[in-house]
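Undergrad: Following this message is one structure expressed as structure tokens.
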Amino acid sequence: MTQIIGVRKMKHANSFTGIVPKYGVEPTNADLLAQTLTDINKWGADVFKIAEYSGNRPLTCTTYKIFQERDLLSMFKIPATTLLNYLMHLEDHYHRDNPYHNSTHAADVTQSTHVLLSSQALDNVFTDLEVLAAIFASAIHDVDHPGLTNQYLVHTGSELALMYNDESVLENHHLAVAFKLLQEDNCNIFLNLSDKQRQTLRKMVIDMVLATDMSKHMSLLADLKTMVETKKVAGSGVLMLDNYTDKIQVLQNMVHCSDLSNPTKPIEIYKKSVDRLMEEFFQQGDKERERGMDISPMCDRHNSTIEKSQVGFIDYIVHPLWETWADLVFPDAQEILDTLEDNRDWYQSMIPVSPSASFSTRKRNSDKEEETKFQFDMDEVKDNNCDSAQTLKVSTPKTH
């Protein structure tokens, strides 16, 4: 099969054959873009501003800057024009009309992985090729995302679900599109790698992107917890990763953490991401309603409490993951974990209280731990022994 669904021939007015722009793109405001990019090595860089100032090229701009920061262009003999041509093709295959799964999200995940790779606890742990693979995997991890979940694609019998036999449908597709785009004219950024390097990189990228399938979350987290318990060298603070299995396990969790990093970002950035994600969920719910399907959890715009959903998502998914990651790289991610907990408390404080409830009732409820039903699509987050959908109980801590 030479044709892959979703891959389009792009007519680029910006294919570079001459002078490469400083930021890899033609910015709408070079000064503000330069100022924003000074945070490229810091947690919580504002990718929404990067998108605005880069002429809606956040992925190209961010990834190009990271390649420069890490000297990957000279290290792997990647011509700047080739990298930019590939990144533009890649970015053009992200759907701009997706509220959330677009190139801004990809830029955010890529920048987050870049920062996590710089953790002192991981100093000298990964080879340059492994770093390249992690950055590349992050950049491509959602390319050609249709703004719909795996479960929706499977239940509607989509072409993608048929092609990938209902298994990690989107993740397999993202990989196929990304590697196919390398075959476009002047897009093969790995041309000067040896055959062995290309094979190793491809295997690592596949392993990392497939691990972003939320159905793998529970097993991924369990493996990370085991590593925290058994692989930390006592007192040294340095991880000993001496085989492929251990290294890829950390890299998979790193990209997974980056993919689930919205709740760890400054609150204003986090809120923007939540608004976009929920709108994408609601658009899927609208489609499900039109088809007469059961509306997926958190996808019903007429019956969904965003604040409660975020608290449940943090308590059951995000916090256990980040708490374990923070333990792995202690103390490097402690500030990230603190921000996550502050953001969780903010969303908890914003959960609407029924206006009909008396003050005494509200007071009693605030003085004891409440069990809040949190529905989450367990086709997206499950272990192999779970049903496809399940109701989780979230124990909501008291707020003061």
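Position one of the sequence shown corresponds to residue 1 (full-length UniProt numbering), numbered consecutively onward. By construction, the Cβ of each residue, glycine as well, lies at the ideal position given by its N, Cα and C atoms. All figures in this text were calculated on a predicted structure; none of them were measured in a lab.
In angstroms, rounded to a whole number, what distance separates the CA positions of Leu72 and Gln197?
TA: Near 14 Å, if we compare the C-alpha coordinates of Gln197 and Leu72.
Undergrad: Quick check on Leu148: does DSSP put it in helix, strand or coil?
TA: Reduced to three states, the DSSP call for Leu148 is coil.
Undergrad: In the structure shown, what three-state DSSP assignment does Leu117 receive?
TA: Three-state result, Leu117: helix.
Undergrad: Looking at Val255: is its Cβ nearer than 8 Å to the Cβ of Thr28?
TA: No. Outside cutoff.
Undergrad: Under the three-state reduction of DSSP, which class applies to Leu239: helix, strand or coil?
TA: Of the three classes helix, strand and coil, the one that applies to Leu239 here is strand, per DSSP.
Undergrad: Let me check understanding here. Comparing Cα to Cα, which of Met293, Met227 and Leu170 lies closest to Lys247?
TA: That would be Met227, whose Cα lies nearest to the Cα of Lys247.
Undergrad: Which term fits Glu91, buried or exposed, when burial requires 16 or more other beta carbons within 10 angstroms of its beta carbon?
TA: Per the 10 Å Cβ criterion, buried.
Undergrad: Near Pro352, which residues of its chain fall below 8 Å by C-beta distance, leaving aside the five closest residues on each side in sequence?
TA: Correct list, in chain order: Thr305 and Glu307.
Undergrad: So what does DSSP say about Trp43, is it helix, strand or coil?
TA: It is coil, neither helix nor strand.
Undergrad: Helix, strand or coil: how does DSSP classify His93 here?
TA: The answer is coil: DSSP assigns His93 none of H, G, I, E or B.
Undergrad: Measuring only the C-alpha atoms, how far is Arg276 from Asp259?
TA: Between Arg276 and Asp259, the C-alpha separation is close to 15 Å.
Undergrad: Is the beta carbon of Tyr152 closer than 8 Å to that of Ser273?
TA: Their beta carbons are not under 8 Å apart, which means Ser273 does not touch Tyr152 by this criterion.
Undergrad: Quick test of your reading: Ser138 and Thr110, contact by CB under 8 Å. State the CB separation rounded to the nearest angstrom.
TA: With a Cβ gap of about 4 Å, Ser138 and Thr110 count as contacting.
Undergrad: Can you name, in chain order, every residue of its own chain whose Cβ lies under 8 Å from the Cβ of Ile40, other than the five neighbours on each side?
TA: Answer for Ile40: Thr62, Lys65, Ile66, Glu69, Gln111 and His114, listed in chain order.
Undergrad: Please report the distance separating the alpha-carbon of Lys9 from that of Asp345.
TA: Answer to the nearest angstrom: the Cα atoms are 47 Å apart.
Undergrad: Nearest CA to the CA of Ile4: which residue from Ala176, Gly157, His141 and His89?
TA: The option with the nearest alpha carbon to Ile4 is Ala176.
Undergrad: Looking at the structure shown, is Lys180 part of a helix, part of a strand, or coil, going by DSSP?
TA: Lys180 falls in the helix class under three-state DSSP.
Undergrad: Within the continuous alpha helix (DSSP H) that includes Asp259, where are the two ends?
TA: Tyr244 to Asp259 is the span of the alpha helix (DSSP H), which, as asked, contains Asp259.
Undergrad: Here's the rule I'm using: 16 or more other beta-carbon atoms within 10 Å means buried, otherwise exposed. How should His217 be labelled?
TA: It is buried - the Cβ of His217 has at least 16 other Cβ atoms within 10 Å.
Undergrad: Fully enclosed by the segment 263-347, which alpha helix (DSSP H) runs are 4 residues long or longer?
TA: Whole alpha helix (DSSP H) segments, 4+ residues: 267-291, 306-313 and 319-328.
Undergrad: Hey, how far is the Cα of Glu369 from the Cα of Val311?
TA: At Glu369, the pLDDT of 38 sits below 50, so the modelled position is not reliable; the number obtained from the coordinates is stated separately. So the two alpha carbons sit approximately 14 Å from each other.
Undergrad: Going by alpha carbons, who is nearest to Leu241 out of Tyr94, Ala107, Gln199 and Ala121?
TA: Closest by alpha carbon: Ala121.
Undergrad: Would you mind sorting Asp108 into buried or exposed? The rule is 16 or more other CB atoms within 10 Å of its CB.
TA: That one is buried.
Undergrad: Is the segment 139-149 in contact with the segment 165-180, if contact means three or more CB pairs nearer than 8 Å?
TA: Judged by Cβ distances under 8 Å, the segment 139-149 makes contact with the segment 165-180, as three or more pairs qualify.
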